[in-house]
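Here is the structure we will look at, set down as structure tokens.
Numbering (full-length UniProt numbering), first residue to last: 1 to 306.
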């Protein structure tokens, strides 16, 4: 039976439905989405593609300008793209050496949902009024995953049992050895998940959550005890047209976050918490950052960017 092969999970879908509304713990689980679109094999994202990538800081909405301390230790989306493309370059050469065709589409040609694993724009649920007015809780179609072209890729590459065995047993390990493995550990992501959960019980955050809930109730939205449940109550997928009910709910959600000061309160609590976490885990975080930096530098050398 032909083995099923899936491209690297490190840049796979961003936390399922939760990724569309909030941060989701470790980035290897939540990650961001580097969508593999149909581009010529071996090509890299051009300036047009890169211009659409998320920025290091949120540019609009209630989370504008916010950046949490642990983000200094996270792998950014541009760095992930370089690592994945470098590994694909190694795999392509390896497969050719073994007599096989490997022609993966380039990573980075469709914008990710967020710059890094913190997913700051939606860490506390939806925070941008303009997005809410247009898309409700949905993600704009620009981040939509393209149609599955697996069958066409299989035909192009002539995949057989031997093809899969060569890729899985020789070329993927070779790429991992030469470049590295994304999220082999994710201390920063794990701590960020813990920070989000623990600070939910902060007294100022609890007060803001209560004020948010009361605000929503005044607007006749009484079934949402906390913000993340509001977004989760609507089926979410990239590029889906939101109903008017969803849009109205999302707009009310953002309005109540603003009036309650929820985003500012939670961000302040997390900033304090993460500063403490960095102090408690500095040696491990520094070591992980050094490993990631070396991997990224190696990737860029392979891509000829250094």
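Glycine included, C-beta positions come from ideal geometry on N, C-alpha and C.
Burial state of residue i, where buried means 16 or more other Cβ atoms lie within 10 Å
i	result
residue 280	exposed
residue 177	exposed
residue 104	buried
residue 305	exposed
residue 301	exposed
residue 241	exposed
residue 208	buried
residue 59	exposed
residue 184	exposed
residue 3	For residue 3, the pLDDT reaches just 32, beneath the cut-off of 50, and the residue's location in the model is therefore unreliable, although a value from the coordinates is still provided. It is exposed - the Cβ of residue 3 has fewer than 16 other Cβ atoms within 10 Å.
residue 218	exposed
residue 274	buried
residue 203	exposed
residue 168	exposed
residue 131	buried
Candidates the options: closest to residue i by CA position
i	options	result
residue 266	95, 104, 80 and 197	197
residue 171	205, 259, 212 and 101	101
residue 98	45, 131 and 166	166
residue 96	203, 158, 205 and 232	158
residue 51	69, 80, 112 and 92	112
residue 163	272, 92, 277 and 282	92
### Message
For the structure I just gave you, are there three or more beta carbon pairs, one from the region 71-84 and one from the region 127-138, closer than 8 Å?
### Response
no
### Task
Indicate whether the contact test is met: 3 or more Cβ pairs, each with one atom in the region 111-124 and one in the region 51-63, closer than 8 Å.
yes
### Task
Report the residue ranges of all alpha helix (DSSP H) runs contained in full by the region 213-288; include only those spanning at least 4 residues, in chain order.
227-232, 244-260 and 262-280
### Query
Is it a yes or a no for the region 248-257 touching the region 224-236, going by three-plus beta-carbon pairs under 8 Å?
yes
### Task
Please confirm if the region 105-113 is in contact with the region 82-94, defined as three or more CB-CB distances below 8 Å between the two stretches.
They touch, by the three-pair rule.
### Task
Kindly provide the ranges of any beta strand (DSSP E) runs that are 3 or more residues long and lie completely inside the region 82-116, ordered along the chain.
none
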